[in-house]
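Chains as they are written, first to last, in the working numbering: chain B, 1 to 491; chain D, 492 to 1271.
Encoded as structure tokens, the structure appears first; notes follow it.
Here's what the structure looks like:
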């Protein structure tokens, strides 16, 4: 009896501990953690496992494919994986293109844009950015794994450069490059993607060499949080996530801001109410080409003339007239993640501006959001009789850049692409939409209410399909909404 | 016929779209004779022109801006007989910018001059002409020549310049304190102003401006049918919205120009105590706040939502001296800081002063403007500026005796820091000079003017939520603050006028000449814990604690000293099971609770000086502990009642007094001599009479009182009527504190007395394992 009722002295601290835990738990759950802090936890940059290849690889290597053979010794699956990648094939999977019955494969290989127009027969220069070696004007065998260029993405020696037909440039130390391989960083991706269209910043507007080592002012992810491309463009088995509107027309393989960020983290109900209608980029990319200029217009019709303009950023005999701009305000349109695409052979109207890849969606499309674009305005060559845009040969043999003869360049190009050519040509206006997702500004610089909702704000409400500023008449999501233009808006 | 119908239909459609684009119909400008100005070449008359459709008499008598019919912001006033509608209703981009010229010319040309920047009027030399090409044949102004609108921000800002790029002095020369309320949607960290810690301020100057709320969206016409809302005073409770509104036609004919939420001279400080909630739902977004309702009752929205004014305002104007340009000395408020900080603009937290509002006493943000001036104590009139100029200057330079008196560094020049009246000699000199100018008895008067701050509102996500800003010894609500680093001698004592609407406070002059203001809120109904402490409660409580501590120290010291010489007489010892398991658990839970109470209570009471958990966590823990304590108390009471253990606490009444005396005698004398305890502990009676009396006091006095006061304080937020019954927080709060001090004192005594058992630790062990060696005597 005595022993049973004896209370061990050790129980006192235990009891105390129990009460503290009890009270502590209540207090802990009493206050809920800040949601912003919780969201930030998902931003962690992965710890990459880096295998030092310095002592694994020994040269010398006589050419690029020799390096690739060495890579394939240990990474045999990599070759196979690359065979079906867009970086190798320059063609996507079969997709439904607006206006075409059957799914088709489209990509850099068979599309035209309003920069250098077409890669066909211009491989000499264009395939310098192909993830392979030796893609020439001749038929190219896409099944030869040893022609894959591993180094362009994995080199860290800093001296690996590709030249004509994708071969390594003269003087490149292949052994040093091979020993340096690791994950792709901003330099690797940027060697092609910062120079798309033939030079720094030409094509995208939100991608240029200022992003190799950007400050937070240029891009908050890369500059402030030290992201590299593959942190968002996550890659498994050499299949890289991401898509561009120039070559891809539908939503698959895309990256969304919401993959990492919550939609409603603004701590402001009014701003959160925008996220069903306005893409994140609209407010968070207030301007593009932050430091380096980007090409906004390109008029091929003046090419070949001996104009007295020395500034190569304004005129080049081989390319025509351009206009570069810095710190450009985007243009805004509805975009539901899909777009139309002009295919070679499609009819065009010379008097109209032809949209090569117009975004789909309008104010009535609930899945569409107001999205910022760089719109590149071009003037390029078409066949007057057949009313189709043409793919001239420029860099290739007998091409325009060598002989400045449009007729000959078009004739050779037509043969190669299988297009009819009447012998009569002229120039017509085209527009290309480049969706902006990079050069995300720091949150302090995001657009505020006035930027769009004040008089002369950024938004052209009528063009977007609103009767007037929705701040007065309510959003398109309101039930009794009467603020929508009845006319079609987004052609 | 059908064509006519079609035209009529078309007309209606056009009228409809006309209202959509809000265009004012074209205007026929007429002079005061009702003739077309185009023909008469006279100035335009608004009562003849605007009065054609709008009731200008009604507008003139229902007008916030009535009596301010002046043009421009230079103070060149021409009292016109009619309102100048164009100042507010003309698209201002067409004329703003040359207000001085406008003002000067207005004296001759009246309202016509307001149109100076439109192409309607031309100025040739000193004469003004109408531009005949701006008019149609019938005298109508061509549509593109004149755009009439509901007032835009630009119209208001012509006089009320509040955006940072236009910041300048307010128009009202009597106020004379440049306004630092900034109404702009620009973010501070992107502003061109060099504001301290700019990058931290990722918010706009004013959240309403940021969200495109225009001036007239808050300061709307008070009979505007879209805004007009019957007040709670007359609106039946069952009615949320009264749809019987003025028709728009009626409104346009008689638009009241009394603006909502505008400062009313009589109720300058009181008008806007609740205007935020006419748009905002204060129930949203405040859940982080402990005692939410309590805060709503004590603070206006602006108290928290105007957290800082970032530009330095004029703090003092000294009209008692004149600088070389014959202007008074103006000082801007300067925050003390390092040299580094002084190179940038350092913001000020507004002063939160307790104010009488329509909803009771509430804290509101203010800036203080202090001025000193000479006045004639006989007539009570202020000395005019020309009299003062003549007193200081002769022939455009300072008088000799002025330089002799003020020039402390002997360089024959009067610098800014020499120009003040800091001695009776200087004061007497100026007074003498003023008497020469015909002033009867010149005295220096002080005016301290609290200026309410209403703009510069910050959204909830950008507010720093730090309880200790108000709940600490250095509370913003109670601390005194410097009005002026320097004030003329005797400024605080002469001619102070009471401050309108401010509940209490005194102005004092410090030894170094500085003038300070001490708010007095002790006499109000506000009890701001950890900021307002009752001096007597804390003193008595602390003395009680110290007294007990001192007493037990002496007693313990004596015991230690006498312990060796007086050994316990050999007494028979017996092991007794004194405390059941439940009693012991109950005791230790209670002990831990009280310990937590004291620790968290100390942090709450001395927030700011003591930081362990943070005041909010401490408060949460305090409340949770209360829950544990009360449940444990109720269970204990149930146990003692049901088991009869309660009898332990009732001393035998007959022998109560002798028992207490013998027990007291034991503690006072016997214990030092090693005498046996006068009462022997048994399982049936383990407490001596003194203990029993004390515990009865605890059980039926201290604990219920403290619990009650605690519950009242806890429920004061939601059910303030309960605590009001007991005298309000400012009575119950100090009581809770006083009782807490008594608890602390009891705890010290209690712990000490546990050492007075058979051995030092005998009692303590008993409370742990239940068994104690107790003395037995022959008696038992």
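Every residue gets a Cβ at the ideal spot worked out from N, C-alpha and C, and that includes glycine.
The DSSP-derived three-state label of residue 603(D) is helix. At a C-beta separation below 8 Å, residue 695(D) has these neighbours in chain B: 448.
When DSSP states are grouped into helix, strand and coil, residue 547(D) belongs to the helix group.
For residue 1053(D), the CB contacts under 6 Å within the same chain, skipping 5 residues up- and downstream, are 1163 in chain order. For residue 307(B), the secondary structure class from DSSP, reduced to helix, strand or coil, is coil. Closest option to residue 248(B), judged by alpha-carbon separation, among 221(B), 427(B), 458(B) and 434(B): 434(B). Residue 79(B) is positioned such that its CB atom lies no closer than 8 Å to that of residue 174(B). Taking a contact to require three or more Cβ pairs closer than 8 Å, the segment 1012 to 1026 of chain D and the segment 835 to 854 of chain D qualify as touching. Secondary structure at residue 1249(D): coil, using DSSP grouped into helix, strand and coil. Within the segment 267 to 287 of chain B, 267, 268, 269 and 270 place their CB atoms closer than 9 Å to a CB of chain D, listed in sequence order.
Each residue's CA atom was taken as its position, placing residue 85(B) and residue 246(B) some 17 Å apart.
Boundaries of the beta strand (DSSP E) harbouring residue 856(D): 851 to 867, taken from the DSSP string.
For residue 70(B), the closest alpha carbon among the candidates 127(B), 395(B) and 179(B) is that of 179(B). If you look at residue 1124(D), you'll find it in the alpha helix (DSSP H) that goes 1106 to 1134.
When DSSP assignments are scanned along the segment 1128 to 1214 of chain D, the uninterrupted stretches of alpha helix (DSSP H) that are 4 or more residues long and fall wholly within it turn out to be 1147 to 1156, 1180 to 1188 and 1194 to 1206.
Judged by their CB atoms, residue 436(B) and residue 286(B) are not nearer to each other than the 8 Å cut-off.
Residue 858(D) is positioned such that its CB atom lies no closer than 8 Å to that of residue 864(D). Boundaries of the alpha helix (DSSP H) harbouring residue 67(B): 64 to 74, taken from the DSSP string. Among the residues facing chain D, residue 443(B) is included, as its CB has a counterpart in that chain under 8 Å away.
Listed along the chain, the chain B residues whose CB falls inside 8 Å of the CB of residue 701(D) are 448, 449 and 450. Close partners of residue 678(D) in chain B (Cβ separation under 8 Å): 444 and 448.
Listed along the chain, the chain B residues whose CB falls inside 9 Å of the CB of residue 952(D) are 266, 267 and 268.
Contact between the segment 296 to 304 of chain B and the segment 367 to 386 of chain B is present: 3 or more CB-CB pairs across the two stretches fall below 8 Å. When rounded, the separation of the alpha-carbon atoms in residue 698(D) and residue 945(D) is 12 Å. Chain D has no Cβ within less than 8 Å of the Cβ of residue 218(B). A straight-line Cα-Cα distance of about 57 Å links residue 997(D) and residue 1252(D).
When DSSP assignments are scanned along the segment 899 to 980 of chain D, the uninterrupted stretches of alpha helix (DSSP H) that are 4 or more residues long and fall wholly within it turn out to be 915 to 927. Just measuring C-alpha positions, the residue of 633(D), 613(D), 1069(D) and 545(D) sitting nearest residue 1257(D) is 1069(D). Contact check for residue 1204(D) against residue 1194(D) fails: the beta carbons are separated by 8 Å or more.
In the structure shown, residue 428(B) falls within a strand segment according to DSSP collapsed to helix, strand and coil.
Annotation: the continuous alpha helix (DSSP H) that includes residue 125(B) extends over 123 to 126. Contact annotation, residue 471(B) with residue 703(D): C-beta distance approximately 6 Å; criterion of less than 8 Å satisfied. Scanning the segment 258 to 285 of chain B for uninterrupted alpha helix (DSSP H) segments of 4 residues or longer gives 269 to 272 and 280 to 284, listed from N- to C-terminal end. Nearest in C-alpha terms to residue 1238(D), of all of 948(D), 767(D), 1173(D) and 1038(D), is 1038(D). For the set 898(D), 547(D) and 626(D), the Cα lying nearest the Cα of residue 742(D) is the one of 547(D). Taking the C-beta atoms as reference points, residue 392(B) is found nearer than 8 Å to residue 413(B).
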